[in-house]
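Top to bottom, those sequences are chains A and B. Going by our numbering, the first residue of the first sequence is number 1, and it counts up by one from there. Going by our numbering, the first residue of the second sequence is number 1001, and it counts up by one from there.
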Amino acid sequence: MNDAAIAQGPIIITVTNLIKQFGHFAALRGVNAEFAAGKFYAILGDNGAGKTTLLRTIAGLAHPTRGEVSILGASPRAACREIGYMAHPSLLYDEMSGMENLRYFARLYGIAGEQRCEQAIRAVALDPGLARPVGQYSQGMRQRMSLARAILHDPRILLLDEPFSNVDVHSARDMVGLLKGMRDAGKTVFVVTHQASLLAGAADEFVCMQFGQIVERTPHLPSDVSPAGVQ
Amino acid sequence: MSSPWSITLATLTKDIRLEWRSKDALNSMLFFSLLVVIIFSFSFDPNAEESREIAGGLIWVAFLFAAVVALNQTWARELRNQVLDAYRVSPAPPNSLFLAKALGNFVFVIILECVMTPLFVVFYNLRVLGPAWQLIPVGLLGTWALVVNGTFFAAVSLRTRSREIMLPLLLFPISIPAVQSMVEATRIILAGDGNARFWIVLLLTYDVVFTTASLALFGTILHAE
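Next up, the structure:
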């Protein structure tokens, strides 16, 4: 076990003895890890390995059964302004346009005016003037708009769960480019994915999970990764 | 940081916009209560005096059942695409969301009442013998009693497997004092039979107690898994 093996630079997230149980099923079994600021982490693992649960616990959406998550020394709830969260579903209202969605979410963060919304939409290479409701977007556009929502309040930490699922290879590569740019701008990026090979050359570290534990942390794409993920 | 009221207003505006575009709740509520009015009118053939005695019960039961449709829609909308998680990870206060949802439901049910009440009057040949203006506070306080509890219990049943069944099971028993107050007050006003003040004060008290309790507990409900 080399949970906290790699963490160069100032630590932004500390996970201590994290256990998360759903009834009798332990999704996380004593995870210990430190994550450095300004790094790009790819979290890999089979279905049920605990990747999404780890991400949701860091985001404050799931409560640890035991152990704790500390973000800049505070709880995830207290540090929620520093977190941008993108899940597999879009977290957007299908009946509203992208701009209408972002305008609403901006209000939740106390962001006034439309400038920041437009910036976020442009940052993901979409058009803020697009009037179509999100329900009529292609899957790739929806994923991008979801990313725009996650970066709207300029968080320091981005937690992205399966951002490339159902997205064609070109769009996925574009998104990886966007995420690299965000990492270069100083953000800490976490991506849970089954498409690890997409992140080769982009991620600073691959965090491999199995049975609710971190089993490997490596700066290189793990050798047992196929295009579909960890074997 | 936006004030809690501005977040409430933004969420309320968003909900009204979504309802305006989908008309999910309004259409089903209107259709449902229309059916109730028609079925009841075929089932009973009361004279004018009997109508005044039973209309309060019929109208409020119809509104209560119809409101459940809107209340289920309120949170179903937030579960699609897991949008509720976007609110949960934000710094916005839980009570802003609760108030916006309750106010939104209040607006939808009031619209329903404005459309359906004239139909009730026509179908049951109603003529108010008491102080008709008292029907306004009864309507407003009664509707708030239904939606504030309904919004809260719809949130409680959000993560249960059969939430559409769970909501009436939770809501109806706890609404009995409010429904009784609404029905009695309406009957007294329609029949001109005494003073409805006691029931109106009871409704007001019920509203204050349950609004306070809902606001105090909603944060726990929202962040529960």
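Idealized CB from N, CA, C, for every residue including glycine.
Extent of the continuous alpha helix (DSSP H) to which residue i belongs
{"i": "G177(A)", "result": "169 to 184"}
{"i": "C1114(B)", "result": "1094 to 1123"}
{"i": "Y104(A)", "result": "98 to 108"}
{"i": "S1090(B)", "result": "Where S1090(B) is concerned, there is no enclosing alpha helix (DSSP H), given that its DSSP letter is neither H nor E."}
{"i": "I1043(B)", "result": "Per the sequence shown, residue 1043(B) should be read as Ser rather than Ile. Unbroken alpha helix (DSSP H) run through S1043(B): 1024 to 1043."}
{"i": "G113(A)", "result": "That residue, G113(A), is in no alpha helix (DSSP H); it is neither H nor E in DSSP."}
{"i": "G1150(B)", "result": "1135 to 1156"}
{"i": "S1003(B)", "result": "Unbroken run through S1003(B): none, as it is neither H nor E."}
{"i": "K51(A)", "result": "51 to 59"}
{"i": "E162(A)", "result": "From DSSP, E162(A) is part of no alpha helix (DSSP H); its letter is neither H nor E."}
{"i": "V1068(B)", "result": "1048 to 1079"}
Any C-beta of chain B under 7 Å from that of residue i
{"i": "P89(A)", "result": "yes"}
{"i": "Q143(A)", "result": "no"}
{"i": "Y137(A)", "result": "no"}
{"i": "C208(A)", "result": "no"}
{"i": "L92(A)", "result": "yes"}
{"i": "E95(A)", "result": "yes"}
{"i": "R132(A)", "result": "no"}
{"i": "Q81(A)", "result": "First, the residue type needs correcting, since residue 81(A) is Arg and not Gln in the sequence shown. It does; some Cβ of chain B falls within 7 Å."}
{"i": "N2(A)", "result": "Note that N2(A) scores a pLDDT of 44, beneath 50, so its modelled location is shaky and nothing firm can be said."}
{"i": "G50(A)", "result": "no"}
{"i": "T14(A)", "result": "no"}
{"i": "P227(A)", "result": "Residue placement at P227(A) is poorly supported in this model, since its pLDDT is 47, which falls under 50; the coordinates are not used for a value here."}
{"i": "V167(A)", "result": "no"}
Residue range of the unbroken beta strand (DSSP E) whose run includes residue i
{"i": "Y41(A)", "result": "40 to 45"}
{"i": "E216(A)", "result": "213 to 218"}
Beta carbon proximity, residue i to chain A, threshold 7 Å
{"i": "A1155(B)", "result": "no"}
{"i": "K1023(B)", "result": "no"}
{"i": "L1215(B)", "result": "no"}
{"i": "A1010(B)", "result": "yes"}
{"i": "S1002(B)", "result": "yes"}
{"i": "L1026(B)", "result": "no"}
{"i": "L1135(B)", "result": "no"}
{"i": "L1018(B)", "result": "yes"}
{"i": "W1005(B)", "result": "no"}
Closest Cα partner of residue i within the set the options
{"i": "L1171(B)", "options": "E1225(B), R1187(B), V1148(B)", "result": "V1148(B)"}
{"i": "T1236(B)", "options": "R1161(B), F1152(B), S1181(B), H1223(B)", "result": "Because chain B in this structure spans residues 1001 to 1225, residue 1236(B) falls outside the shown range and cannot be described."}
{"i": "L1158(B)", "options": "L1034(B), N1072(B), M1116(B), C1114(B)", "result": "N1072(B)"}
{"i": "G140(A)", "options": "S197(A), N166(A), R107(A)", "result": "N166(A)"}
{"i": "D161(A)", "options": "D1085(B), S1043(B), L1012(B), A1010(B)", "result": "D1085(B)"}
{"i": "I1136(B)", "options": "V1122(B), A1154(B), T1117(B)", "result": "T1117(B)"}
{"i": "L91(A)", "options": "F105(A), R132(A), E216(A), T57(A)", "result": "F105(A)"}
{"i": "N32(A)", "options": "I151(A), M182(A), G186(A), R66(A)", "result": "R66(A)"}
{"i": "G1056(B)", "options": "L1079(B), T1186(B), A1067(B), P1091(B)", "result": "T1186(B)"}
{"i": "G48(A)", "options": "D204(A), V192(A), P10(A)", "result": "V192(A)"}
{"i": "L198(A)", "options": "L179(A), G186(A), A123(A)", "result": "L179(A)"}
{"i": "L54(A)", "options": "R107(A), G73(A), H220(A), Q210(A)", "result": "Q210(A)"}
{"i": "I1007(B)", "options": "E1019(B), L1103(B), T1074(B), I1039(B)", "result": "L1103(B)"}
{"i": "C117(A)", "options": "D94(A), R142(A), A131(A), I151(A)", "result": "I151(A)"}
{"i": "G1219(B)", "options": "R77(A), T14(A), I58(A), G9(A)", "result": "R77(A)"}
{"i": "S1028(B)", "options": "I1038(B), V1083(B), F1065(B), P1177(B)", "result": "F1065(B)"}
Cβ separation of residue i and residue j, assumed to be a contact under 8 Å, to the nearest whole Å
{"i": "L44(A)", "j": "P222(A)", "result": "7 Å"}
{"i": "I19(A)", "j": "F35(A)", "result": "Actually they are not in contact, since the Cβ atoms of I19(A) and F35(A) sit about 18 Å apart, beyond 8 Å."}
{"i": "S1134(B)", "j": "A1196(B)", "result": "Note that residue 1134(B) is Gln in the sequence shown, not Ser. Between A1196(B) and Q1134(B) the Cβ distance is about 5 Å, and since that is below 8 Å, they are a contact."}
{"i": "D1015(B)", "j": "K1101(B)", "result": "7 Å"}
{"i": "G135(A)", "j": "E95(A)", "result": "6 Å"}
Counting only Cβ-Cβ distances shorter than 9 Å, please list the residues of the segment 1081 to 1107 of chain B near chain A, keeping chain order. Using a CB distance below 9 Å, the part of the segment 1081 to 1107 of chain B facing chain A consists of N1081, Q1082, V1083, L1084, D1085, A1086, Y1087, R1088, V1089, S1090, P1091, A1092, S1096, ordered along the chain.
Chain B contacts from the segment 148 to 164 of chain A (Cβ-Cβ distance under 7 Å): R149
Against chain B, which members of the segment 54 to 76 of chain A pass a CB distance test of less than 9 Å? Along the segment 54 to 76 of chain A, the positions whose C-beta sits under 9 Å from a C-beta of chain B are R56, A59, G60, L61, A62, H63, P76, read in chain order.
Check distances from the C-beta atoms of the segment 1198 to 1225 of chain B to those of chain A and list, in chain order, the residues that come in under 7 Å. E1225
Beta carbons nearer than 7 Å to chain B: which residues of the segment 103 to 118 of chain A have them? Y104, F105, R107, L108, Y109, G110
Contact list for the segment 29 to 42 of chain A against chain B, Cβ threshold 8 Å: none
Using a Cβ-Cβ cut-off of less than 7 Å, give me the residues of the segment 1158 to 1172 of chain B that come near chain A, in sequence order. none
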